[in-house]
Amino acid sequence: MPKAILYDSTLCVGCKACEGACAERWRLPYDDKVAAESRLSAHKLTTIQTFGERYSRRLCMHCADPACASVCPVGALQKTALGPVVYDAGKCMGCRYCMLACPFQVPVYEWHNRLPKVRKCDMCYERQIAGKPTACAAACPTGATVCGEREALIAEARRRLAEKPGDYYQRIYGLKEAGGTSVLYISAVPFEQIGLRTNLSQQPMPALTWRALSLVPDVVSVGTVLLGGVWWITNRRDEVARKEGGRQ
Amino acid sequence: MKRLLARLTIWRTIFVALMAAGAFAAYLRVRYGLGSVTNLNDQFPWGIWIGFDILCGVGLAAGGFTLVAVVHIFNIERYKPILRPAILTAFLGYLLVILALLFDLGRPDRIWHPLVMWNPHSVMFEVAWCVTLYTTVLALEFAPAVFERLGWKTPLGWLKFVSVPLMIVGVILSTLHQSSLGSLYLIVPHKLYALWYTPLLPVFFYVSAICVGLAMTIFESWHSSRAFGRELELPLAAGLARVLAVLLTTFLFVRFLDLHDRGALTLLRENRTETWLFGLEILLLAAPAVLLFQGRIRWNPGKLYACAVMVIFGFIANRLNVSVTGMEAGSGTHYIPKWTEVAVTLSIVALGFAVFRVVAQNFPVFEERRAARVRQPVAREAPADDGVPAGVG
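Protein sequence lines correspond, in order, to chains A and B.
Using numbering that gives the first Met the number 0, you'd call the opening residue of the first sequence number 0 and step up by one each time.
Using numbering that gives the first Met the number 0, you'd call the opening residue of the second sequence number 0 and step up by one each time.
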């Protein structure tokens, strides 16, 4: 069963315990200065953002059919059956196409490293395998971030929306966005008001490039026959002309 | 003669200055990493090294496969005199693209990874394979010039034997990756401005590459006619220009048809940078399209050259719009290349011109050189620039 994370913006108090736990898990330095940064970066793989009195969390969405994994020329990014999208730094050649392609602008780069890697949340993959919750979920004091099976979390989110219809904007973000993600959001206000991109297609992104890529065999076969045919005809015409001592 | 020497010295000075700046930028790149030599960031991961060096570089080298198809597959033999320079341009172009890629990749030591670690769902994987194979094909297509120079008969015979399949493979590979460079951007509908984002990106990239391939062939015929004191092959250049006019018109027609179908034409009413850049791009392609339909312009070397230059700039504008300016708003950021990015780019272009010159002087690239070589050894770096009138009207 694929795992997921549910983030409930209405429960979040902005304590940033998730940020600290995440930094600790990645062995990244974390202090007040880092805590004050609102953007994802090579030293901050999840971040709490403030929108007035509301909070929102940014982290890798772990798409069901991720753009990053589909564009990676070396297959360094992979969607695992367990849910997390994981990254193999040993394969990565640093083309940064994943960063360009990600609809959530999640992958970040070690710009100042001489042997740089891409960085992003991997949903604590090794903890997931062991059946443990992610570091951020374990650290969250209010239950704003919970970790579990995706189906169960969707049911939980629906229950919360139904139980307190007045407190929630009646939709779950991540159910269909970009073909569905393994990080789900619920909130009191429409999602664009807490910084989420709401103009995304419900189709998985990789379909966009695959439509073109899947034509490659046709181009090769039709092209070869066509060019070969043209060559044969034009060449033959010249040959005949030469033999008959015609124009040439 | 004095004036001529003075000009050559200026060019040489510029060349040395560019190479020095490029070398220094290269040192900084290796020593301090991408972050300190580029203005790229997490919001804007691809800059002019991709937008110009790669996208424009590959496109500007398209004359190679276009002329191979014209001369050897469609058997229009009269274009043969300008085939070899076109193949040389393409070969050097691809080598320089690979060089530029070594700057841009975070881990250039792993440039070979896509060849062994496959992801057939990735457009870039396909491009990597096509570019690798096609660079090999170009090397083999240019090899006869080297073997002729060295007088190696046996390998020449082998190459002749495989030449036709090799050329067909070359054209197919080019078709694939010229269009795929456009497909790279199919995955960013949320970032690329609607004047450029269209499912037809691969088709537009392909057709515009052929256009600029023809324009580059005219451009380089003109330049080499001056640099090497040869006559411009005007009937050939004019013939290419005629095809170019038809292709450009078709391209622009389909481009606007697509904008209309997607309802993107209304965007042209908005007063924003993208609108003006789009206008510039279209103007640079539409003007030569109209002009080149007129015989008196096609048969005038100066005007023909000006049209070719316009097409080249229009093409560059298009690629930069897709890869840089059209991506800014959607990425929520601004990007101006750092001096080091510009220095690397310019020094790579300069290197291209210089290597072309040296190779053309030492190998049988131009038709009459093959005969003339024996009589008159090449006077290095001192071509009779104004000695021969550039082409006859």
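Here a beta-carbon is modelled for each residue, glycine too, at the ideal position from N, C-alpha and C.
Listed in chain order, the beta strand (DSSP E) runs fully inside the region 22-87 of chain A are 46-50, 53-57, 76-78 and 84-86, counting runs of at least 3 residues. Around the Cβ of G58 (chain B), a 10 Å sphere holds 16 or more other Cβ atoms; the residue is buried.
Between F90 (chain B) and F141 (chain B), the CB-CB gap stays under 8 Å. In this structure, G147 (chain A) keeps its C-beta atom at 8 Å or more from the C-beta atom of A63 (chain A).
A distance of 8 Å or more separates the beta carbons of W230 (chain A) and I81 (chain B).
Taking C-beta atoms as the reference points, I315 (chain B) and N38 (chain B) fail to come closer than 8 Å.
DSSP places V96 (chain B) within a helical segment (H, G or I) once states are collapsed to three. Interface criterion met: the Cβ of A100 (chain A) is under 8 Å from a Cβ in chain B. Counting only Cβ-Cβ distances below 9 Å, R254 (chain B) has no contacts in chain A at all, with the closest Cβ about 18 Å away. When C-alpha distances from I97 (chain B) are compared across B:P113, B:S121 and B:G56, the shortest belongs to B:G56. Around the C-beta of I232 (chain A), fewer than 16 other C-beta atoms lie within 10 Å, and the residue is accordingly described as exposed. Taking a cut-off of 8 Å on C-beta distances, the region 241-255 of chain B touches the region 202-216 of chain B, as three or more cross pairs fall below it. Residue contact check for M92 (chain A) against chain B: a CB pair falls below 8 Å. L33 (chain B) has a beta carbon lying within less than 8 Å of a beta carbon in chain A. Under the 10 Å beta carbon count, S220 (chain A) is surrounded by fewer than 16 other beta carbons and is classified as exposed. Sequence-ordered contacts of the region 149-178 of chain B with chain A read V163, I167, V170, I171, T174 and L175 [C-beta pairs closer than 7 Å]. Within 7 Å of the CB of P201 (chain B), the CB atoms of chain A belong to A211, in sequence order along the chain. Taking C-beta atoms as the reference points, I193 (chain A) and S55 (chain A) count as a pair closer than 8 Å. For T144 (chain A), there is no enclosing alpha helix (DSSP H); the residue is found in the beta strand (DSSP E) stretching over T144 to E148. If you ignore the 5 residues before and after I13 (chain B), its C-beta comes within less than 8 Å of the C-beta of A349, all in its own chain and listed in chain order. Look at L207 (chain A): its C-beta is under 8 Å from a C-beta on chain B. DSSP places D7 (chain A) within a strand segment (E or B) once states are collapsed to three. Taken through DSSP and simplified to helix, strand or coil, I185 (chain A) comes out as strand. Residue range P205 to L212 is occupied by the alpha helix (DSSP H) that includes W209 (chain A). With three or more CB-CB distances shorter than 8 Å, the region 126-144 of chain B counts as touching the region 168-180 of chain B. Per DSSP, L194 (chain B) lies in no alpha helix (DSSP H) segment and is marked neither H nor E.
Taking a Cβ-Cβ threshold of 9 Å, the residues of chain B close to W230 (chain A) are H71, I72, F73, N74, V163, M166 and I167, in chain order. With the rule of 3 Cβ pairs closer than 8 Å, the region 288-299 of chain B does not count as touching the region 196-204 of chain B. The DSSP assignment places complete alpha helix (DSSP H) segments of no fewer than 4 residues inside the region 198-232 of chain B at 200-226, in order along the chain.
By the C-beta density criterion, V321 (chain B) is buried, having at least 16 other C-beta atoms within 10 angstroms.
For the C-beta of I110 (chain B), the chain A residues within less than 9 Å are, from N- to C-terminus, M92. Within the model, the alpha-carbon separation for L279 (chain B) versus F124 (chain B) is close to 33 Å.
A Cβ of chain B is located within less than 8 Å of the beta carbon of M204 (chain A). Counting along the chain, Y304 (chain B) sits inside the alpha helix (DSSP H) bounded by residues P300 to L319. When the Cα atoms are used, L258 (chain B) and P143 (chain B) turn out to be separated by approximately 45 Å.
When beta bridges are read from the DSSP output, Y172 (chain A) appears opposite A:Y184.
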